[in-house]
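Undergrad:
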Amino acid sequence: MSTERRGGRTRSPEAHDAVLAAAAQLLEEHGYRDLTMERIAARSGVAKSTIYRWWRSRPELVMEAYARTVAQRMPEPDTGTAAGDLVEFITRLYGVVDHPIRVRSLRGMMADAQLDPDFRTAFRGWIDTRRAVVADLLRRGIDRGELDPDLDLDHAVDLVFGPFWYRLLTDHAPLGPDEAGSHTARLLTGFRLR
1 MSTERRGGRT RSPEAHDAVL AAAAQLLEEH GYRDLTMERI AARSGVAKST IYRWWRSRPE
61 LVMEAYARTV AQRMPEPDTG TAAGDLVEFI TRLYGVVDHP IRVRSLRGMM ADAQLDPDFR
121 TAFRGWIDTR RAVVADLLRR GIDRGELDPD LDLDHAVDLV FGPFWYRLLT DHAPLGPDEA
181 GSHTARLLTG FRLR
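The sequence shown maps to residues 1 to 194 in the numbering used here.
(1) Just the Cα atoms here: how many angstroms apart are Ser-12 and Leu-187?
(2) Rounded to a whole number of angstroms, what is the C-alpha to C-alpha distance between Val-97 and Gly-108?
(3) Whole alpha helix (DSSP H) runs in the segment 85-137 with 4 or more residues, listed along the chain?
(4) Using C-beta distances below 7 Å, list every residue in its chain close to Leu-159, excluding the 5 sequence neighbours before and after it, in chain order.
(5) Kindly indicate which residue of Ala-21, Asp-171, Thr-184 and Asp-178 has the alpha-carbon position closest to the one of Pro-100.
(6) Buried or exposed: which applies to Gly-189, given that a residue is buried once 16 or more other Cβ atoms fall within 10 Å of its Cβ?
(7) Going by beta-carbon coordinates alone, are Arg-39 and Leu-20 separated by less than 8 Å?
(8) Using the Cα positions of Arg-139 and Trp-126, report the straight-line distance between them to the nearest angstrom.
(9) Please state the DSSP three-state secondary structure of Arg-192.
(10) Closest to Ser-57 by C-alpha separation, out of Leu-35, Asp-150, Thr-184 and Leu-151, would be which residue?
(11) Following the continuous alpha helix (DSSP H) through Thr-81, name the residue where it begins and the one where it ends.
(12) Hey, would you say Val-157 sits closer than 8 Å to Glu-76, going by beta carbons?
(13) Tell me whether the beta-carbon of Thr-91 lies closer than 8 Å to the beta-carbon of Ala-173.
(14) Find out if the Cβ-Cβ distance for the pair Leu-168, Val-103 is shorter than 8 Å.
(15) Can you tell me whether Gly-8 is helix, strand or coil according to DSSP?
(16) Under three-state DSSP, which class holds Leu-35?
(17) When the Cα of Ala-185 is compared with those of Tyr-66, Ala-65, Ala-82 and Ala-41, which residue comes out closest?
(18) For a test of the three-state rule: what should DSSP assign to Leu-147, helix, strand or coil?
(19) Mapping DSSP to helix, strand and coil, what is Gly-176?
(20) Thinking C-alpha only, which one of Pro-59, His-183, Ser-44 and Ala-135 is nearest Asp-112?
(21) How would you write the range of the alpha helix (DSSP H) that Val-70 sits in, first residue to last?
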């Protein structure tokens, strides 16, 4: 992320980081619907007018903040194998259940994305960044000859995230880090060379 704002004046990196940190914390504490620019300004110590100069909208700010937080919590794995990468990624993904406040936040964001078109666009942008991480690790597996070269990457990524979101939102079956190994094994049965 650039430290320059649209008018060309340089952003203070410390203030920029404070705003993003405040937005991510408040999102998890209160959910998107109750997250205001006033709260972000108060938590970060950065003037609301400054925040509005730096970000076009609340959804843009909030999802930039959340994207940065999630990328720090879940860096792209590179274990040297597709199986290892998937197990590591899915273990961390499913580990969200150990943090009830994060579960509540994700459920709320998914609901808000269905009702608020502006938030939906920003939320989808964040979802796309997480999908790109999985697509990259699958591409590496294809390049190493571990996975079918004709693998439909979009569908494969859906298969990685589908059980996570379905179980997170409906709570119909267990979701936890201990499920990652068996989930990965089932995925790789379909992804590998025949």
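Backbone N, C-alpha and C fix where the C-beta goes; we use that ideal spot for every residue, glycine too.
TA: On the basis of the data shown:
(1) 45 Å
(2) 15 Å
(3) 100-115
(4) Leu-187
(5) Asp-171
(6) Strictly speaking, residue 189 in this sequence is Thr, with Gly absent from that position. So Thr-189 counts as exposed.
(7) no
(8) 20 Å
(9) strand
(10) Leu-35
(11) Here Thr-81 belongs to no alpha helix (DSSP H), and DSSP marks it neither H nor E.
(12) no
(13) no
(14) yes
(15) Because the pLDDT of Gly-8 is 45, which lies under 50, any placement of that residue in the model is unreliable, and the question is left without a value.
(16) coil
(17) Ala-82
(18) strand
(19) coil
(20) Pro-59
(21) 58-73
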